[in-house]
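J.:
Residue numbers (our numbering), protein chains in the order written: chain A, 1025 to 1225; chain B, 14 to 163.
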């Protein structure tokens, strides 16, 4: 076998190894298969809703942060499964440019929600949602419905019900936190991370 | 455009989102004389793959299956006997639920002052449905019980 053939074979093996396992020389990239590529992301509709202290919360305030926007209700069992995850994810990532924002769809509003927040020791901001908010988000009908919003204020993932486990949320959030403005890591079939330049808006 | 895109995404992810998850059938006509105790059954169908909380949910925060009478006409009472609920666990949460087709037994008494003739007792069935991954906002379904006072 000639030196040229050996070199070619080694190169091919290295490339295949990189494709299958990721190249170990660079920093490890967290991959979340559920994130949309940048071209498919749409701006998350803004809203103005009151928090527990009566302050108006605009989603636009969160631009520059990765946001987990969770539509939920106190009467929703699956929501109660996720909320402890979100409490922990908020605690671990709040200093990294991340925030959880809960939108309660309880008809009785704070009367039901405030005791729940105290009981569960919810450490993130919660607002009371309304029909116009759910309509703006495509008619949120089932709860929980959770949106992951990137630093540019675009919806990068939608999770309906308990279709995602805690790890999927964590991976998606870590990937979004690693994105830099104008570029993001996307995933091609086979799970290989590829840096992509976002189209200018 | 954005709304359409979002709505499209949600409908693709949740194809049954517009289905009625609970329907109420026609109860058998109640027939009786003044002061007679009478009863009927309200057939309730819960869509396959879904459940509703029973009349006695496992947790205080869960919304029970409940019948509320808005107009009894010549009937009195309207006490509902629910079937035995099933046990179901979602996440780590044990639930008391109904699934499939159930009958709600309703007991009335024909009023002592009822005029002879037909009528309709009206009410609402309140429920809150879920599947094993998500829940849907509480809803009500109309109930109509036809009766004949002899």
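Here a beta-carbon is modelled for each residue, glycine too, at the ideal position from N, C-alpha and C.
Step through the CB atoms of chain B and report whether any lies within less than 7 Å of the CB of residue 1096 of chain A.
T.: no
J.: Hey, how far is the Cα of residue 1128 of chain A from the Cα of residue 132 of chain B?
T.: Each residue's Cα considered, the two are about 42 Å apart.
J.: What's the C-alpha gap between residue 68 of chain B and residue 123 of chain B?
T.: 26 Å
J.: How many whole angstroms separate the CB atoms of residue 1172 of chain A and residue 1125 of chain A, which I take to be in contact at a CB cut-off of 8 Å?
T.: Actually they do not touch by this definition, with Cβ atoms about 11 Å apart.
J.: Kindly confirm or deny that the stretch 1136–1154 of chain A and the stretch 1072–1085 of chain A touch, where touching means at least three C-beta pairs closer than 8 Å.
T.: A contact exists between the stretch 1136–1154 of chain A and the stretch 1072–1085 of chain A.
J.: Is it true that the stretch 96–115 of chain B meets the stretch 43–52 of chain B, where meeting means three or more beta-carbon pairs spaced less than 8 Å apart?
T.: Too few Cβ pairs lie closer than 8 Å, so no.
J.: Is residue 1178 of chain A helix, strand or coil by DSSP?
T.: strand
J.: Nearest to residue 1190 of chain A by CA position, among A:1170, A:1175, A:1174, is which residue?
T.: Nearest C-alpha to residue 1190 of chain A among A:1170, A:1175, A:1174: A:1170.
J.: Spell out whether any CB of chain A is found under 7 Å from the CB atom of residue 159 of chain B.
T.: no
J.: Can you tell me which of the three DSSP states residue 128 of chain B falls into?
T.: Looking at residue 128 of chain B - three-state DSSP - the assignment turns out to be coil, as it is neither helix nor strand.
J.: Against residue 146 of chain B, what residues of chain D qualify as contacts under a CB-to-CB distance less than 7 Å, listed in chain order?
T.: The chain labelled as chain D is not found among the protein chains of the depicted structure, namely A and B.
J.: Is residue 139 of chain B close to chain A, meaning its C-beta is less than 7 Å from at least one C-beta of that chain?
T.: no
J.: Per DSSP, what kind of secondary structure is residue 159 of chain B in: helix, strand or coil?
T.: strand
J.: Go to residue 39 of chain B, then tell me how far its beta strand (DSSP E) extends in each direction, as first and last residue.
T.: Per DSSP, residue 39 of chain B belongs to no beta strand (DSSP E) and is neither H nor E.
J.: So which residues on chain B does residue 1099 of chain A lean against when the C-beta distance must stay under 8 Å?
T.: Within chain B, the residues near residue 1099 of chain A are 74, 75, 76, 141, 148, 151.
J.: Quick check: the Cα distance between residue 1096 of chain A and residue 126 of chain B, rounded to an integer number of angstroms?
T.: 49 Å
J.: Check residue 1079 of chain A in the structure and name its three-state DSSP category.
T.: DSSP, read as helix, strand or coil, puts residue 1079 of chain A in coil.
J.: Excluding five sequence neighbours on each side, which residues of the same chain lie with their C-beta closer than 7 Å to the C-beta of residue 1188 of chain A?
T.: Closer than 7 Å at Cβ, skipping near neighbours: 1058.
J.: Alpha carbon to alpha carbon, what distance is there between residue 1107 of chain A and residue 58 of chain B?
T.: 31 Å
J.: Going by the beta-carbon positions, is the gap between residue 1166 of chain A and residue 1196 of chain A smaller than 7 Å?
T.: The answer is no: Cβ separation not under 7 Å.
J.: Just the Cα atoms here: how many angstroms apart are residue 152 of chain B and residue 1176 of chain A?
T.: 37 Å
J.: Tell me, which residues are paired with residue 82 of chain B by DSSP?
T.: B:136
J.: Report the option in B:45, B:38, B:71 whose CA atom is closest to the CA atom of residue 56 of chain B.
T.: B:38
J.: Can you give the beta carbon distance from residue 81 of chain B to residue 118 of chain B, rounded, assuming they're within the 8 Å contact cut?
T.: Not confirmed; about 17 Å, so no contact.
J.: Below 9 Å on C-beta distance, what does residue 106 of chain B contact in chain A?
T.: Neighbours of residue 106 of chain B on chain A, chain order: 1101, 1102, 1104, 1105.
J.: Please report the straight-line C-alpha distance between residue 1133 of chain A and residue 42 of chain B, rounded to a whole angstrom.
T.: Rounded to whole angstroms, residue 1133 of chain A to residue 42 of chain B spans 40 Å at the Cα level.
J.: Assuming the contact rule is C-beta atoms closer than 8 Å, residue 1178 of chain A and residue 1084 of chain A should be a hit. Round their C-beta distance to whole Å, please.
T.: The Cβ separation is near 13 Å, so there is no contact.
J.: Using the rule of at least 16 other Cβ atoms within 10 Å of the residue's Cβ for burial, across every protein chain shown, is residue 141 of chain B buried or exposed?
T.: buried
J.: At 7 Å on the CB atoms, spell out the chain B contacts of residue 1167 of chain A, in chain order.
T.: Chain B residues near residue 1167 of chain A: 147, 148.
J.: Give me the chain A residues within the contact set of residue 103 of chain B, using Cβ-Cβ distance strictly less than 9 Å, ordered along the chain.
T.: 1101, 1102, 1105, 1186
J.: With a threshold of 6 Å on Cβ separation, who are the neighbours of residue 1114 of chain A within its own chain once the five nearest residues in sequence on each side are excluded?
T.: 1124, 1147, 1148
J.: Which bits of chain B does residue 1129 of chain A rub up against, with CB to CB less than 8 Å?
T.: 150
J.: For the stretch 1121–1200 of chain A, list the beta strand (DSSP E) runs that are entirely contained and at least 3 residues long, ordered along the chain.
T.: Listed in chain order, they are 1122–1128, 1149–1152, 1169–1173, 1179–1184.
J.: Using the rule of at least 16 other Cβ atoms within 10 Å of the residue's Cβ for burial, across every protein chain shown, is residue 36 of chain B buried or exposed?
T.: exposed
J.: In whole angstroms, what is the alpha-carbon distance linking residue 77 of chain B and residue 107 of chain B?
T.: 15 Å
J.: Could you tell me if residue 98 of chain B is buried or exposed, where buried requires 16 or more neighbouring beta carbons within 10 angstroms of its beta carbon?
T.: Residue 98 of chain B is buried by the Cβ-count criterion.
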